[in-house]
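Reading through the structure tokens given below for one structure.
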Amino acid sequence: MDLRPLTAVEFCERVVPALAEREAENGLVIWLAQRLAAQPDPAHDALLLSVETAGVVVAASVWTPPHDVVVTRAEDALVADLGIDGRHRRQ
Numbered sequence: 002m003d004l005r006p007l008t009a010v011e012f013c014e015r016v017v018p019a020l021a022e023r024e025a026e027n028g029l030v031i032w033l034a035q036r037l038a039a040q041p042d043p044a045h046d047a048l049l050l051s052v053e054t055a056g057v058v059v060a061a062s063v064w065t066p067p068h069d070v071v072v073t074r075a076e077d078a079l080v081a082d083l084g085i086d087g088r089h090r091r092q
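Have a look at this one:
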């Protein structure tokens, strides 16, 4: 598993096509990334992450402080590998 920090433009190129397969579910993450990528000046405090296994995007997140982080759905094993407390996950 690889956790990759990306610029908004890189995220839109690499991650958004994978997320678009479930656009209704991932719409907020897609919209945030596209909005950040369209800005003339990069948002230096934003954090966009791609989680990949064997080069395939399996999850992603966008954080634009002071707002909460937005994370896509991920397999339970992946969540455990990342050390995320599952009690706060929506089902």
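In my numbering, the protein residues as written are 2 to 92.
Note that beta-carbon positions come from the ideal geometry of N, C-alpha and C, so glycine has one too.
Item	Value
V1, DSSP secondary structure in three states	As shown, the chain starts at 2 and ends at 92. That puts residue 1 outside it, with no answer to give.
N- and C-terminal bounds of the beta strand (DSSP E) containing R5	3–7
Identity of the residues DSSP links to L48 by a beta bridge	W64
Residues that E26 bridges to, as DSSP identifies them	None; E26 has no bridge partner.
Counted within 10 angstroms of its Cβ, other Cβ atoms place A60 as buried (16 or more) or exposed	buried
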